[in-house]
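**Q** Residue numbers (the UniProt record's numbering): 1 to 225.
#1: On the premise that residue 172 lies in contact with residue 108, defined as a C-beta separation below 8 Å, what is that separation, rounded to the nearest angstrom?
#2: Ignore the nearest five residues each way along the sequence and tell me which others in residue 182's own chain have a CB closer than 8 Å to its CB.
#3: Would you mind reading off the limits of the alpha helix (DSSP H) that contains residue 249?
#4: Evaluate the contact criterion for the stretch 114–124 versus the stretch 22–39: three or more CB pairs, one atom per stretch, below 8 Å.
#5: How far does the alpha helix (DSSP H) with residue 35 in it extend, from its first residue to its last?
#6: Please identify the residue among 72, 177, 66 whose C-alpha is closest to the C-alpha of residue 190.
#7: Please identify the residue among 207, 45, 8, 123 whose C-alpha is closest to the C-alpha of residue 64.
#8: Please go through the UniProt domain "Response regulatory" (10–124) and give each complete beta strand (DSSP E) segment of 3 or more residues, from N-terminal end onward.
#9: For residue 162, report the span of its alpha helix (DSSP H) as first-last.
#10: Apart from the five residues on each side of it in sequence, which residues of its chain come closer than 6 Å, Cβ to Cβ, to residue 11?
#11: Along the chain, where does the alpha helix (DSSP H) that runs through residue 189 open and close?
#12: If you compare alpha carbons, which of 163, 90, 166, 160 is closest to residue 131?
#13: Which two residues bound the contiguous alpha helix (DSSP H) that contains residue 7?
#14: Please list the terminal residues of the continuous alpha helix (DSSP H) segment that includes residue 178.
#15: Identify, in the order they occur along the chain, each residue of the same chain with its Cβ nearer than 6 Å to the Cβ of residue 166, setting aside the five sequence neighbours on each side.
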């Protein structure tokens, strides 16, 4: 992939550190036809409403508002945009706040460039991506919490086939569609159909919803993730 043949249409980076935004442009800019950046929440929202980017990368710490508030506003106005949280923070509270706000993925800035680019590809393919540390905090929260956030997607007495249960376990471990296809001896198209059916059955809109269902119902154990 190169700048001559970008893979995706447009990206907006909202980060108050200009060096970080420029670094993202160097790492991932070649994947997009158009690259936008903003350095606070207000200008980020303005850019988003003006340009309707396909992917928005948001830091939690912004000079004029917290990242989770901005994500809620972005999701309300641009529901089809994918949002990746990219932050130095690995605080469980911040990760959960961003998850509640509606992010599609979370990557900590200390992760390597390869993982960051992989997260972008997965989000642009309609999937979720949470780095290992973020995923651990999410799992720990869901496995112990009793509030509505932890149980709102739980549906009792749902029937699954053996393949569906195995697929849920693999999805929770963030195994790729290609790898699942090989493991279950099914086409990638069939895997995606299974995934859609599972999300409908458990009333989940993201991978986080599937993880919540799986843990709360004993389909997978925390120490398996």
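Glycine included, each C-beta is placed from N, C-alpha and C at the ideal position.
**A** Let me spell this out:
#1: Counting from 1 along the chain shown, the entry for residue 108 is found at position 108. Counting from 1 along the chain shown, the entry for residue 172 is found at position 172. With a beta-carbon spacing of about 20 Å, residue 108 and residue 172 fall beyond the 8 Å limit used to define contacts.
#2: Within the chain shown, numbered from 1, the residue matching residue 182 stands at position 182. Correct list: empty, nothing qualifies.
#3: The structure shown has nothing for residue 249, since the chain only spans 1 to 225.
#4: Taking 8 Å as the limit for Cβ pairs, the verdict is that the stretch 22–39 does touch the stretch 114–124.
#5: Within the chain shown, numbered from 1, the residue matching residue 35 stands at position 35. For residue 35, no alpha helix (DSSP H) encloses it; the enclosing beta strand (DSSP E) starts and ends at 32–38.
#6: Here the question's residue 190 lines up with position 190 in the chain shown. Here the closest residue by C-alpha is 177.
#7: Taking the first residue of the chain shown as position 1, residue 64 is located at position 64. Of the candidates 207, 45, 8, 123, the one whose C-alpha sits nearest the C-alpha of residue 64 is 45.
#8: Segments of the beta strand (DSSP E) lying fully in the UniProt domain "Response regulatory" (10–124): 32–38, 55–58, 82–87, 105–108.
#9: Taking the chain shown and counting its residues from 1, the one referred to as residue 162 is at position 162. Run containing residue 162: 162–172, per the alpha helix (DSSP H) assignment.
#10: As a working note, residue 11 is residue 11 in the chain shown. Exclusion of the five residues before and after residue 11 leaves 32, 35, 53, 55 as the residues of its chain whose Cβ lies within less than 6 Å of its Cβ.
#11: As a first step, residue 189 is located in the chain shown; it is residue number 189 there, counting from the start. Segment 188–201, the alpha helix (DSSP H) holding residue 189.
#12: Walking along the chain shown from the start, residue 131 turns up at place 131. Ranking 163, 90, 166, 160 by Cα distance to residue 131 puts 90 first.
#13: Here residue 7 is taken as the residue at index 7 of the chain shown, counted from 1. Where residue 7 is concerned, there is no enclosing alpha helix (DSSP H), given that its DSSP letter is neither H nor E.
#14: The count along the chain shown starts at 1 and reaches residue 178 at position 178. Segment 177–184, the alpha helix (DSSP H) holding residue 178.
#15: By 1-based counting over the chain shown, the position of residue 166 is 166. Excluding sequence neighbours, residue 166 sits near nothing in its chain.
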